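Have a look at the structure below before the remarks.
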Amino acid sequence: MGVIVPLSGTASLMGTSLTVHVGSNPLSGSLLGDALVSITLIALPTAMMGASLPLLTQGLSRSLEDAAPFHAKIYVLNTLGAFVGAVSADPTAAKK
Numbered sequence: 006m007g008v009i010v011p012l013s014g015t016a017s018l019m020g021t022s023l024t025v026h027v028g029s030n031p032l033s034g035s036l037l038g039d040a041l042v043s044i045t046l047i048a049l050p051t052a053m054m055g056a057s058l059p060l061l062t063q064g065l066s067r068s069l070e071d072a073a074p075f076h077a078k079i080y081v082l083n084t085l086g087a088f089v090g091a092v093s094a095d096p097t098a099a100k101k
């Protein structure tokens with residue numbers, strides 16, 4: 006079992022506290038510093054996930070004429086999957 010440890014801060018696993026400080030970052034612990042670290046860490050995976058749907062459409066469509074309807078079908082499935090995932094995470098959210 007792994008533990009995700011923030012770049013600066015405290016992580017807890019089963020009641021055991023672990024404090025980690027990396028380097029001497031002057032922005033460490035500030036809102037701006039935390040935002041910059043978060044944006045830096047999430048930018049590449051976000052761009053790669055965003056590029057996956059158009060690449061999937063291009064790779065699986067039979068022809069150029071077929072690409073638009075095929076992309077629409079994949080986009081619908083992607084959106085339904087996101088909805089099901091969000092509702093399954095909090096089943097009471099759809100009832101509010």
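Going by the working numbering, the first residue of the sequence shown is number 6, and it counts up by one from there. Heads up, the beta-carbon is just placed ideally off N, CA and C, and yes, glycines get one too. This structure is a prediction, so every number in the text was calculated from the model and none was measured.
Could you say if the stretch 54-65 and the stretch 78-85 meet the contact criterion of at least three C-beta pairs nearer than 8 Å? yes
Cα-Cα separation between SER66 and PRO74, rounded to whole angstroms: For the purposes of this step, residue 66 is taken as the residue at position 61 of the sequence shown. For the purposes of this step, residue 74 is taken as the residue at position 69 of the sequence shown. Whole-angstrom Cα-Cα distance: 9 Å.
Please report the straight-line C-alpha distance between THR97 and LEU85, rounded to a whole angstrom. Here residue 97 corresponds to residue number 92 of the sequence shown, with the count starting at 1. Here residue 85 corresponds to residue number 80 of the sequence shown, with the count starting at 1. The alpha-carbon atoms of THR97 and LEU85 are separated by roughly 17 Å.
Would DSSP call ASP71 helix, strand or coil? Translated into the one-based positions of the sequence shown, residue 71 becomes position 66. In this structure, ASP71 counts as helix in the three-state DSSP scheme.
What is the residue span of the alpha helix (DSSP H) that ASP39 lies within? Looking up residue 39 in the sequence shown gives position 34. Its alpha helix (DSSP H) spans residues 36-65.
Quick one: grab the DSSP three-state call for THR84. As a working mapping, residue 84 is identified with position 79 in the sequence shown. In this structure, THR84 counts as helix in the three-state DSSP scheme.
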